[in-house]
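Everything in the sequence shown is counted per this note's numbering, starting at 56 for the first residue and increasing by one.
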Amino acid sequence: MKTVKNGSNTDFQIKIGNKYVTIASLVPWFISKHLHKYELYFYYYGEEYTKGTYACQHINGNVSMTVWLEKYERWEDFISRISKIVSKKLYIIGSSILDEIKSIESIDDRAY
Numbered sequence: 056m057k058t059v060k061n062g063s064n065t066d067f068q069i070k071i072g073n074k075y076v077t078i079a080s081l082v083p084w085f086i087s088k089h090l091h092k093y094e095l096y097f098y099y100y101g102e103e104y105t106k107g108t109y110a111c112q113h114i115n116g117n118v119s120m121t122v123w124l125e126k127y128e129r130w131e132d133f134i135s136r137i138s139k140i141v142s143k144k145l146y147i148i149g150s151s152i153l154d155e156i157k158s159i160e161s162i163d164d165r166a167y
């Protein structure tokens with residue numbers, strides 16, 4: 056996974072085939088008195104990040120969560136911590152997709 060600065064946002068991308076796809080985007084809260092508050096938007100199903108739109112505006116199962124930069128946390132450590140959250144979400148999504156495929160295959164096997 057790699058991180059890419061996209062204006063004030065930080066995008067988390069994975070390589071699929073020969074191109075990188077945005078799977079999550081870390082967006083700072085501008086209308087907050089806390090400068091260390093961010094929203095982490097997850098992009099399921101390979102939904103590509105489009106400038107000016109956020110995952111929560113799509114009706115394809117995308118979700119977000121609020122994350123905080125700790126008081127004495129370095130930016131690099133924060134990004135590392137968020138990367139682990141994104142990786143864990145990817146694992147959960149991948150596992151549920153595999154379970155769904157197995158379920159479909161078992162139904163197909165019974166049909167023959």
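Even glycine gets a Cβ: it sits at the ideal position worked out from N, Cα and C.
{"query": "Straight-line gap, Phe97 to Asp154 (C-alpha atoms, nearest Å)", "result": "21 Å"}
{"query": "For Ser142 and Gly149, the rounded distance between their alpha carbons", "result": "10 Å"}
{"query": "Spatially closest choice to Val118 from Glu94, Asn73, Ile86 and Lys157, by CA coordinates", "result": "Glu94"}
{"query": "Among Ser63, Thr77 and Glu160, nearest to Phe85 - alpha-carbon criterion", "result": "Ser63"}
{"query": "C-alpha gap between Asp66 and Val82, whole angstroms", "result": "9 Å"}
{"query": "Nearest candidate by alpha-carbon position, reference Lys92, set Tyr75, Val122 and Ile71", "result": "Val122"}
{"query": "Check whether Ile69 and Val76 have beta carbons under 8 Å apart", "result": "yes"}
{"query": "Nearest-angstrom Cα separation, counted from Asn73 out to Ala79", "result": "19 Å"}
{"query": "Per DSSP, the bridge partner or partners of Met120", "result": "Leu95"}
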